[in-house]
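K.L.:
Those letters in the sequence shown? Residues -10 to 283, by this note's numbering. No residue lacks a Cβ here, since even glycine has one placed at the ideal position from N, Cα and C. Source: prediction; values computed, not measured. Starting off with a structure, shown below.
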Amino acid sequence: MAAPPNDRYRYVPITRYRDFRWPNGARLALFVCLGIEEYRPDDGLSENLIAGASRPDWVNRSWRDYGNRVGAFRLIDRMAEFGIRPAVLLNTDVYDSAPELIAHARAAGAEIVGHGLTNSDTLATLSPEAEEAYVGAVAARIEAEEGRRPGGWSSMWLAHSATTLRSLHRQGYRYLLDLHLDDRPVWLDAGEGRILALPYALELNDSSTMIGRYAGAEEFARMIVDGFDEMRRAAARQPLVMSVVVHSFISGQPFRLRALTRALEHIAAAGDAVWMATPGEIAAVIEEDPSLAP
């Protein structure tokens, strides 16, 4: 039986591309996402270090809280040492629970990306009307705090409903950080217009790799270095995009931060051979000439 047609994006192999260079002259663009999240205590979805903990679960809660009290500050400052302005995947409840942290990210030039109200939520179970209202509420809060609506969205738990792309498009989001179907930005059919999918690291991601599959910090750092070196080699022929995803309470732990720093040092040593950008900057290049993306 033939596979059902993909109604969101076309098949375009990597061998078919428009050649161009990113604004600094490089063919490889790289962005780093930093998850800054809030969770409802003992309610809804949660990321845990210790499975099956009893409730009230102060152990896992304290582990996650470390990220917004300590880890995110250190990650933002460490990235700044290498000229990296992170894309903060923000649960907007953090505006209330840790306002000093968001001020710190703002001062470092971070881009704020919509990532729900809290990471205890999921879009997957919402009705189309509730989903659109939800993503709109996130955009409205960011606009109230930052002075402009976010261009990008990253779904909590990478979970979608059948109408997520339409909801995002209706609420003014222009690019999505959820999928890694290509090493290039790709246009998605949102049903009413389109939205740009930027390559989002599903495996160069400390949550899926170090918490989900128990990889060590050194292994994760080697993955980043090897991925970067291979992408640089491939980008000698055509323009590409790479991303790395970290979270405040995971890579913000000191022993992981030390290993991550070695990977960032390796990337920074490439100088202008890579364009250290934000997702919004990458999306702007494609939006100026939409034919650059398949």
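Taking Cβ positions, are P174 and A282 nearer each other than 7 Å?
P.N.:
Residue mapping note: residue 174 aligns to position 185 of the sequence shown, counting from 1. Residue mapping note: residue 282 aligns to position 293 of the sequence shown, counting from 1. Yes, Cβ-Cβ distance for P174 and A282 is below 7 Å.
K.L.:
Measuring only the C-alpha atoms, how far is A(-8) from R202?
P.N.:
Walking along the sequence shown from the start, residue -8 turns up at place 3. Walking along the sequence shown from the start, residue 202 turns up at place 213. For A(-8), the predicted structure reports a pLDDT of 49, less than 50, and the residue's modelled location is therefore unreliable. The matter cannot be settled from this model.
K.L.:
Candidates A92, L115, E89 and A126: which alpha carbon is nearest G103's?
P.N.:
Translated into the one-based positions of the sequence shown, residue 103 becomes position 114. Looking at the Cα atoms, A126 is the closest of the given residues.
K.L.:
For the putative contact between F209 and D195, defined by C-beta atoms under 8 Å, what is the C-beta separation to the nearest angstrom?
P.N.:
Within the sequence shown, the letter at position 220 stands for residue 209. Within the sequence shown, the letter at position 206 stands for residue 195. Between D195 and F209 the Cβ distance is about 6 Å, and since that is below 8 Å, they are a contact.
K.L.:
With a threshold of 16 other CB atoms inside 10 Å of the CB of M(-10), please say whether the residue is buried or exposed.
P.N.:
As a working mapping, residue -10 is identified with position 1 in the sequence shown. With a pLDDT of 48 at M(-10), under the threshold of 50, the modelled position of that residue is not reliable, and no figure is offered here.
K.L.:
Could you say which of L23, C22, L191 and Y55 lies nearest to L38 if we only look at CA atoms?
P.N.:
Position 49 of the sequence shown, counting from 1, holds the residue named residue 38. For the residues L23, C22, L191 and Y55, the minimum Cα distance to L38 belongs to Y55.
K.L.:
Does the Cβ of P286 have 16 or more other Cβ atoms within 10 Å, making it buried, or fewer, making it exposed?
P.N.:
Nothing about residue 286 can be read from this structure; the chain reaches only from -10 to 283.
K.L.:
Helix, strand or coil for F20? Go by DSSP, reduced to three states.
P.N.:
Numbered from its first residue, the sequence shown carries residue 20 at position 31. Strand, per DSSP.
K.L.:
Which term fits I25, buried or exposed, when burial requires 16 or more other beta carbons within 10 angstroms of its beta carbon?
P.N.:
Along the sequence shown, read from residue 1 onward, the residue named residue 25 stands at position 36. Buried, by the Cβ-count rule.
K.L.:
Under three-state DSSP, which class holds A(-8)?
P.N.:
Counting from one through the sequence shown, the residue named residue -8 turns up at place 3. For A(-8), the predicted model reports a pLDDT of 49, less than 50, meaning its position is unreliable and no value from the coordinates is stated.
K.L.:
So who's on the other strand from V230, going by DSSP bridges?
P.N.:
As a position in the sequence shown, residue 230 is number 241, starting the count at 1. In DSSP, V230 forms a bridge with A18.
K.L.:
How is the beta strand (DSSP E) around L249 delimited, first residue to last?
P.N.:
Position 260 of the sequence shown holds residue 249. Taken as a continuous stretch (DSSP letters only), L249 belongs to no beta strand (DSSP E), being part of the alpha helix (DSSP H) at P243 to A257.
K.L.:
Grab me the residues of G239's own chain with a C-beta within less than 7 Å of its C-beta, minus the 5 sequence neighbours each way, in chain order.
P.N.:
Within the sequence shown, the letter at position 250 stands for residue 239. Gly is not the amino acid found at residue 239; the sequence shown has Ile there. If we look at I239 and ignore the five residues flanking it on each side, its Cβ neighbours are D195, S196, M199, I200 and R245.
K.L.:
Ordered along the chain, which non-local residues of its own chain (more than five positions away) have a Cβ less than 8 Å from that of R163?
P.N.:
If you number the sequence shown from 1, residue 163 lands on position 174. Contacts found: G140, G141, I184, L185, A272 and E276.
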